Amino acid sequence: MARVLGVVTIIALALGLAQPAAAATPTETLKNYGDVVLKILEDPALKSSERKNERRAAVRKVAEGVFDLSETAKRALGLHWNQRTPAEREEFVHLFADLLETTYIARIDEYGGERMKYVGEKIDGENAVVQTRVVTRKGTEVPVEARMIRRGDKWYIYDVILESVSLISNYRAQFDKIIRTSSYGELVKRLKERKALPAPQPRATR
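Each step along the sequence shown adds one to the number in this note's numbering, with nothing skipped, and position 71 is 71.
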């Protein structure tokens, strides 16, 4: 499941590189991004160990273009966000982005040919949900929802739901527990320590 979550997040969070056409629907936005990200994941020139860091950097750049990191970080911190100063909020957004990269983008080497199927879309004002399925090479389908928010005339992802589990809710529970049992300073300390750890090595595939 950890491998699936890593692959799903890479595809679902990092669906992009070039800007989509203005006024595109949420689903169209994801589709426009999808082909580009898959080219990165499948580019033979970027699969060598010597270019691993370059490949990860390319995926992070893609993610920053389609993912509303500020909105995600704000929701992940929950009620504690209102208690933070502007400087603390800015620092937290950067630390949260680093956490996502360490946890998910660093696992791009585990990508194994998965594809996305777009099965539904619901728009409610400035918010939308795009329902998709990740199809593995064995034909197994994993349900995934991309929750999106409109900024101007473009749509951005702020949360991903994998088999009814929200990425934001998962982190919010962890962050809230640390803050309530210790302090916000302790949370920042742990995020900085996590950032300093070496990236996880890809697991051997069969």
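Note that the Cβ used here is the ideal one computed from N, Cα and C, for glycine as well.
None of the values given here were measured: they were computed from a predicted structure.
Worksheet item: Which residue from Lys177, Val142, Ala57, Leu99 puts its Cα closest to that of Glu114?
Response: Numbered from 1 along the sequence shown, position 114 holds the residue referred to as residue 114. Checked all of Lys177, Val142, Ala57, Leu99; the closest Cα to Glu114 is Val142.
Worksheet item: Which residue comes first and which comes last in the beta strand (DSSP E) that contains Tyr156?
Response: On the sequence shown, position 156 is the one that residue 156 refers to. Annotation: the continuous beta strand (DSSP E) that includes Tyr156 extends over 154-162.
Worksheet item: Which residue's Cα is closest to the Cα of Lys189: Leu79, Leu99, Ser49, Ala146?
Response: The sequence position of residue 189 within the sequence shown is 189, counting from 1. Minimum Cα-Cα distance from Lys189 among the listed residues Leu79, Leu99, Ser49, Ala146 corresponds to Leu99.
Worksheet item: Using the C-alpha atoms, what's the distance from Ile161 back to Val144?
Response: Looking up residue 144 in the sequence shown gives position 144. Looking up residue 161 in the sequence shown gives position 161. Computed Cα separation, rounded: 6 Å.
Discussion item. Assess contact between the stretch 63-73 and the stretch 153-167, defined as three or more Cβ pairs (one per stretch) separated by less than 8 Å. Is contact present?
Written reply: As far as the Cβ criterion goes, the stretch 63-73 touches the stretch 153-167, which means the pair count is three or higher.
Worksheet item: Should Pro44 be labelled buried (16 or more other beta-carbon atoms within 10 Å of its own) or exposed?
Response: On the sequence shown, position 44 is the one that residue 44 refers to. With fewer than 16 other CB atoms across the displayed protein chains lying within 10 angstroms of its CB, Pro44 is exposed.
Item to complete: Report back the beta-carbon spacing between Arg137 and Lys117 to the nearest angstrom; my notes put them in contact at under 8 Å.
Response: Residue numbering aside, residue 137 sits at position 137 when the sequence shown is read from its first letter. Residue numbering aside, residue 117 sits at position 117 when the sequence shown is read from its first letter. The pair is not a contact, with the Cβ atoms about 14 Å apart (cut-off 8 Å).
Practice prompt. Decide yes or no for the touch test of the stretch 176-187 against the stretch 76-89: beta carbon pairs closer than 8 Å, at least 3 of them.
Written response: Segments in contact, yes.
Worksheet item: Among Lys31, Glu54, Leu30, Gln83, which residue has its Cα nearest to the Cα of Tyr184?
Response: For the purposes of this step, residue 184 is taken as residue 184 along the sequence shown, with counting starting at 1. Residue Gln83 is the option with its Cα nearest to Tyr184.
Worksheet item: When burial is assigned at 16 or more other CB atoms within 10 Å of the CB, is Glu186 buried or exposed?
Response: Position 186 of the sequence shown, counted from the first residue, corresponds to residue 186. Exposed is the label assigned to Glu186, since fewer than 16 other Cβ atoms lie within 10 Å of its Cβ.
Worksheet entry | Val59 versus Ala97, Ser49, Leu41, residue with shortest Cα-Cα distance | As a first step, residue 59 must be located in the sequence shown, where it is residue number 59. Selected option, being the one with the closest Cα: Leu41.
Worksheet item: With DSSP run on the structure shown, which of helix, strand or coil describes Ala21?
Response: Stepping through the sequence shown from its first residue, residue 21 is reached at position 21. A caution first: Ala21 carries a pLDDT of 46, below 50, which makes its placement in the model too unreliable to give a value.
Worksheet item: What does a CB cutoff of less than 7 Å around Arg150 pick up in its chain, not counting 5 residues either side in sequence?
Response: Position 150 of the sequence shown holds residue 150. Answer for Arg150: Glu126, listed in chain order.
Worksheet item: Is Arg194 helix, strand or coil when you go by DSSP?
Response: Your numbering for residue 194 matches position 194 in the sequence shown. Correct three-state label for Arg194: helix.
Item to complete: Specify, as a first and last residue, the run of the alpha helix (DSSP H) that Asn53 falls within.
Response: As a first step, residue 53 is located in the sequence shown; it is residue number 53 there, counting from the start. Its alpha helix (DSSP H) spans residues 52-66.
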